[in-house]
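Going down the list, the protein sequences come from chains A and B. For the first sequence, counting from 1, position 64 maps to 119 in my numbering; every step adds exactly one. For the second sequence, counting from 1, position 14 maps to 17 in my numbering; every step adds exactly one. Idealized CB from N, CA, C, for every residue including glycine.
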Amino acid sequence: MIEIANLSFGYNKKKLLYKNLTLSLEAGSIYGLLGKNGAGKSTLLKNLIGLLFPTNGDIWVNGFLPKKRLPSFLETIYFIPEEVYVPSLTIDRYINLFAPFYPNFSKENMIRHLEELDVKTADKLNTLSFGQQKKFIIAFGLACNTKVLLLDEPTNGLDIPSKKRFRKLIAAEMNDDRMIFISTHQIRDLDNLIDRVVIVDEGELLLNASVATIAEKLLFTTVDEMPAGDKILYAEESLLGIYVVTENKNTAESKVNLEHLFNAVTENPEIIKQIFN
Amino acid sequence: MNFRQNQPIYLQIAEYVCEQILLKKWKLGDKVMSIRDIAVVMEVNPNTVQRAYDFLQQRNIITNKRGVGYFTEEDAMERILTFRKEQFMDNELPVFFRNLYLLDIDVKELKNQYDQFVKDNFKNK
């Protein structure tokens, strides 16, 4: 569904953000893209939608090259940026103007999403609060029913009940034919929705694996004392004991903790590559 | 010692389904909640619920009637108990034993408290 082949990208030619990134993403999964500040998560999303062009290498999305920005490509993908922009239009006017670009748009779903996210107004959209504007765009983006949905920090700016409703909405709207690609730091907001994890650091792909595979290969436990002998990939003291991440040598599966996973992967990239290859 | 405090989500969902049957909220032979409904209620990825249902199917606890949905097997009770016991022994009992040991509580002391607990909470049994 998305094929990235030897992608290099830099905002200036001397300093590349990505070097030779190769990554393949399939339909039917909710991907979580994790990376530190400045790792280039938003940059990657913008390359996928055609807002930025690769310096080298190719990106294929739904069989199209995003940089060509063909209308037939743009109707298959929707991108919700971290900070949304809404024009000075009412909800109805916005739908009438923008929905025709998306052949699978469902007005029925749109109305339902707006109700679920508690967005209602007869006023113009730009008079709404930032959070309300963002929820409007989320409702619209989901109702477009595109094969690929890209979300950049979707829960930023959402209030406490809205985060919950957002998770329910994503769980309800996910299906085998679509792919949802979420870039986020708010791991705890989306923990159980993500079923494939992509980690990038210093321009490199460190991990692209399903949560099921991660649970097979790595063990996430709480212990009283540091286990001797095993290579500790990550450890953190807590009130309950020491959280540790080690290679999983038996068949028992533990619950994957995305925060601990991220730290284990970025601190031990070479060992992780060995374990997952 | 090593205690597994957190089970994978799919196993916790499988346990939830079994729990509903043990609590008689869902009856044997009845339709169980759809994958999508569970995903929405629990705010989890539908693929994770699918994995839980695949697991329960392998265990012959639920069965998939094509196009209709998932149903619990009429004679699943024994297999549910086996699965729940396994999970309890693996996950909850070691933590419980650890605390008994640390707090120096004699297992025999607990018999009366256990009987009282059953009386208080499960009067119908």
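Check: Collapsed DSSP secondary structure at Lys286 (chain A) in the structure displayed; Outcome: coil
Check: Ordered list of alpha helix (DSSP H) runs contained in the region 78-144 of chain A, each at least 4 residues; Outcome: 96-104, 126-129
Check: Partners in chain B for Met222 (chain A), counting only beta-carbon separations shorter than 7 Å; Outcome: The residue asked about is misnamed: residue 222 (chain A) is Arg in this sequence, not Met. Per Cβ cutoff of 7 Å: Glu46.
Check: Proximal chain B residues relative to Leu248 (chain A), where beta-carbon distance stays under 8 Å; Outcome: Glu46, Val47, Asn48
Check: Minimum Cβ-Cβ distance from Pro97 (chain B) to chain A less than 9 Å; Outcome: no
Check: Option in B:Gln15, B:Ile16, B:Cys21 with minimal Cα separation from Thr75 (chain B); Outcome: B:Cys21
Check: Per-residue DSSP class, three states only, for Lys179 (chain A); Outcome: coil
Check: Chain A residues whose Cβ lies nearer than 8 Å to that of Thr51 (chain B); Outcome: Asn247, Asp250, Val266
Check: Residue range of the alpha helix (DSSP H) that includes Arg148 (chain A); Outcome: 146-153
Check: Span separating the alpha-carbon of Gln23 (chain B) from that of Met80 (chain B); Outcome: 12 Å
Check: Opening and closing residue of the alpha helix (DSSP H) in which Tyr104 (chain B) lies; Outcome: 96-105
Check: Ile215 (chain A) classed as buried or exposed, judged by whether at least 16 other C-beta atoms fall within 10 angstroms; Outcome: exposed
Check: Endpoints, alpha helix (DSSP H) assigned at Ala60 (chain A); Outcome: It is not in any alpha helix (DSSP H) - Ala60 (chain A) instead sits in the beta strand (DSSP E) that spans 57-64.
Check: Segment limits, alpha helix (DSSP H) that includes Ala264 (chain A); Outcome: Segment 259-265 is the beta strand (DSSP E) holding Ala264 (chain A); no alpha helix (DSSP H) there.
Check: Listed by chain order, chain A residues near Ala42 (chain B) by CB distance under 8 Å; Outcome: Ala226, Ala227, Met229
Check: Interface flag, Met4 (chain B) vs chain A, CB-CB below 9 Å; Outcome: Confidence at Met4 (chain B) is low in this model, with a pLDDT of 31, below 50, so the placement of that residue is unreliable and no value is reported for it.
Check: Near-chain B residues of the region 289-322 of chain A (beta-carbon distance less than 9 Å), N- to C-terminal order; Outcome: Leu295, Gly296, Ala307, Glu308, Ser309, Lys310, Val311, Asn312
Check: Spatial distance of Thr276 (chain A) from Ile85 (chain A) (CA atoms); Outcome: 25 Å
Check: Opposing strand residues paired with Ile43 (chain B) [DSSP bridges]; Outcome: Checking the sequence shown, residue 43 (chain B) turns out to be Val, not Ile. Val43 (chain B) is not bridged to any residue.
Check: Distance CB(Gly83 (chain A))-CB(Asn230 (chain A)) smaller than 9 Å; Outcome: yes
Check: Per-residue burial, Asp78 (chain B) [other beta carbons within 10 Å of its own, 16 or more giving buried]; Outcome: exposed
Check: 7 Å Cβ shell around Ile381 (chain A) - same chain, five flanking residues per side excluded; Outcome: With chain A running from 56 to 332 in the structure shown, residue 381 (chain A) is simply not present.
Check: Paired residues, beta bridge with Ile192 (chain A) - DSSP; Outcome: BP columns for Ile192 (chain A) are empty, so no partner.
Check: Nearest neighbour of Ser127 (chain A), chosen from A:Val116, A:Glu137, A:Pro324 [CA to CA]; Outcome: A:Val116
Check: Lys122 (chain B) - DSSP class collapsed to helix/strand/coil; Outcome: helix
Check: Helix, strand or coil at Leu299 (chain A) [DSSP, three-state]; Outcome: Residue identity check: residue 299 (chain A) is Val in the sequence provided, not Leu. DSSP places Val299 (chain A) in strand when its eight states are reduced to three.
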